[in-house]
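With this note's numbering, you'll find the sequence shown wraps up at 380, consecutive numbering, no jumps. For each residue, glycine too, the CB sits at the ideal point set by N, CA and C. Remember, predicted model here, so these are calculated numbers, not experimental data. As structure tokens, the structure follows; a few thoughts come after it.
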Amino acid sequence: MQGILETLYLGLPILLGHFGVALFMLALGIVLYLLITPVNEYRLIREGNSAAAVTLGSAMLGIALPLASALGGSVNVWDILIWGSVAIVLQLTVFFIVDLLLRGLADRIRNNEMSAALILGATKLSIALLNSAAIAY
């Protein structure tokens with residue numbers, strides 16, 4: 244029992260530190276997403292726009308999935324910061340690529356077009372899964 248408590252005593256601060264950095268990266272990614280995208284998802288969600296909820300929710304998951312891989316394989320905080328930054332950049336890039344392919348994506352989200360939201364969400368999550376696998380050590 245003492246060995247378990249000693250391990251907890253030694254490991255808990257590291258766990259909390261890594262988890263805190265990952266939460267910070269997730270929040271940073273979400274804030275950057277909200278600042279860069281031309282759609283005000285929070286306002287649209289408050290107005291009942293389901294398409295905006297799908298796109299924002301998939302953005303959150305799209306950033307969280309590779310962050311979880313980075314967190315799981317991290318040796319130190321720098322791993323989380325570096326790979327978290329890569330994940331955020333990739334997810335933001337995905338939005339712009341899909342926006343090029345689906346003309347008027349922002350307007351379609353504003354108009355609550357679920358087809359546009361679902362393809363954007365599926366693309367974000369697909370890239371996030373591939374990114375997660377690439378980050379896994």
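| Item | Value |
| --- | --- |
| Neighbour-count burial assignment, residue 289, 16 or more Cβ in a 10 Å radius | exposed |
| Selected residue, minimal CA-CA separation from residue 265, among 248, 314, 284, 304 | 314 |
| C-alpha distance - residue 345 paired with residue 359, whole-angstrom precision | 8 Å |
| Residue 259 versus residue 249 - alpha carbon distance | 16 Å |
| Whole-angstrom distance between residue 341 and residue 281, CA atom to CA atom | 13 Å |
| Bounding residues of the alpha helix (DSSP H) (the contiguous stretch that carries residue 249) | 245-279 |
| Sub-9 Å separation of residue 329 and residue 292 beta-carbons | no |
| Reference residue 339; option with closest CA among 353, 276, 321 | 276 |
| Exposed unless 16 or more other CB atoms sit within 10 angstroms - verdict on residue 321 | exposed |
| Burial state of residue 272 (16 or more Cβ within 10 Å) | buried |
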